[in-house]
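*Asks:* What follows is a single structure, and I will ask about it in a moment.
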Amino acid sequence: MEKTPTEHHKRLEYCTTRLQYRQGRELKAVKVYTVASESRHMLVFGVPKVNLHTEIKNKLQCFGKLRSCTCVTTELAETMELEAFTDVFAVQFDGLEQARRAKRQLDARQFFGGELHISYAPERETSQELREKLVQRRKEIAYRIQRNLAEQPHSVKKTV
Numbered sequence: 141m142e143k144t145p146t147e148h149h150k151r152l153e154y155c156t157t158r159l160q161y162r163q164g165r166e167l168k169a170v171k172v173y174t175v176a177s178e179s180r181h182m183l184v185f186g187v188p189k190v191n192l193h194t195e196i197k198n199k200l201q202c203f204g205k206l207r208s209c210t211c212v213t214t215e216l217a218e219t220m221e222l223e224a225f226t227d228v229f230a231v232q233f234d235g236l237e238q239a240r241r242a243k244r245q246l247d248a249r250q251f252f253g254g255e256l257h258i259s260y261a262p263e264r265e266t267s268q269e270l271r272e273k274l275v276q277r278r279k280e281i282a283y284r285i286q287r288n289l290a291e292q293p294h295s296v297k298k299t300v
């Protein structure tokens, strides 16, 4: 089964088969993100088509500095099926953590009568941006390892 390049942008069904204690207060779609699949680039689907560019931009700026926010509805309509009477915006944040926070807070939320669907768009990254993201992740992991080693009692510490 071959996946299309836009397959990961489709909204998944909510998981209803989890055990009660694992379910949480809100239903969630189960999806795992790798370092490479998370991105500062995002696609915002489901924005009503009534000239809401400044409104969506202002809403996203609450989570951090935006590098760009452009309407890409016509570009994506050629490659995938879109919801009628909605626009799609391509957004680029300054940092990955800002994009994570925006996705967590705004995905599946109401916006001017429409329901937003936000997905990462790693296909819009350059190879240099991907390289920087992986280097940054290595630095974060090395820092966490050092911090965890420093917090351990002296009798348990190992040399790395």
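Be aware that the sequence shown starts at 141, since it is given in the numbering used here, and climbs by one per residue. Even for Gly, the Cβ is constructed at its ideal location relative to N, Cα and C.
Would you tell me roughly how many angstroms separate the C-alpha atoms of L289 and E269, rounded to the nearest one?
*Replies:* Locating residue 289 in the sequence shown gives position 149, counting from the first residue. Locating residue 269 in the sequence shown gives position 129, counting from the first residue. Computed Cα separation, rounded: 30 Å.
*Asks:* Can you tell me whether DSSP reads F251 as helix, strand or coil?
*Replies:* By one-based count along the sequence shown, residue 251 stands at place 111. Of the three classes helix, strand and coil, the one that applies to F251 here is strand, per DSSP.
*Asks:* Where does the unbroken alpha helix (DSSP H) through R271 begin, and where does it stop?
*Replies:* Start at 1 with the first residue of the sequence shown, and residue 271 comes out as number 131. Per DSSP, R271 belongs to the alpha helix (DSSP H) from S267 to E291.
*Asks:* To the nearest angstrom, how far is the alpha carbon of N191 from that of E280?
*Replies:* Counted from its first residue, the sequence shown places residue 191 at position 51. Counted from its first residue, the sequence shown places residue 280 at position 140. Approximately 40 Å, taken between the alpha carbons.
*Asks:* Which whole-angstrom value is the C-beta distance of C209 and V175, which I expect to be below 8 Å?
*Replies:* The residue labelled residue 209 in the question sits at position 69 within the sequence shown. The residue labelled residue 175 in the question sits at position 35 within the sequence shown. At roughly 24 Å, the Cβ-Cβ gap does not stay under 8 Å, so C209 and V175 are not in contact.
*Asks:* If you count every other CB in all the chains shown that lies within 10 Å of the CB of I258, and 16 or more means buried, which is it?
*Replies:* Position 118 of the sequence shown, counted from the first residue, corresponds to residue 258. Buried.
*Asks:* Under the DSSP definition of a beta bridge, which residues are partnered with S208?
*Replies:* For the purposes of this step, residue 208 is taken as the residue at position 68 of the sequence shown. Paired residues: Q232.
*Asks:* Considering only the beta carbon of each residue, do K189 and D227 sit closer than 8 Å?
*Replies:* The sequence position of residue 189 within the sequence shown is 49, counting from 1. The sequence position of residue 227 within the sequence shown is 87, counting from 1. Yes, the Cβ-Cβ distance between K189 and D227 is below 8 Å.
*Asks:* Counting only the same chain and skipping the five closest in sequence on each side, list residues whose C-beta sits under 8 Å from that of L216.
*Replies:* Translated into positions along the sequence shown, residue 216 becomes position 76. Counting only Cβ-Cβ distances below 8 Å, and skipping sequence neighbours, we find T146, L183, L222 and V228.
*Asks:* Based on the DSSP secondary-structure assignment, which residues constitute the bridge partners of P188?
*Replies:* The sequence position of residue 188 within the sequence shown is 48, counting from 1. DSSP output for P188 lists T226 as bridge partner(s).
*Asks:* Once you ignore the five residues that flank Q292 on each side, which residues in its own chain have a CB closer than 6 Å to its CB?
*Replies:* Position 152 of the sequence shown, counting from 1, holds the residue named residue 292. Excluding positions up to five away in sequence, the list is empty.
*Asks:* Residues bridged to Y260 by DSSP?
*Replies:* Position 120 of the sequence shown, counted from the start, is the residue given in the question as residue 260. The partner list for Y260 (beta bridge, DSSP) reads M182.
*Asks:* Quick one: Cα of H181 to Cα of I285, how far?
*Replies:* Residue numbering aside, residue 181 sits at position 41 when the sequence shown is read from its first letter. Residue numbering aside, residue 285 sits at position 145 when the sequence shown is read from its first letter. Computed Cα separation, rounded: 28 Å.
*Asks:* Rounded to the nearest angstrom, what separates E142 and K197 at their Cα positions?
*Replies:* As a first step, residue 142 is located in the sequence shown; it is residue number 2 there, counting from the start. As a first step, residue 197 is located in the sequence shown; it is residue number 57 there, counting from the start. Caution is warranted here: a pLDDT of 40 is assigned to E142, below 50, making its placement in the model unreliable, and no coordinate value can be reported.
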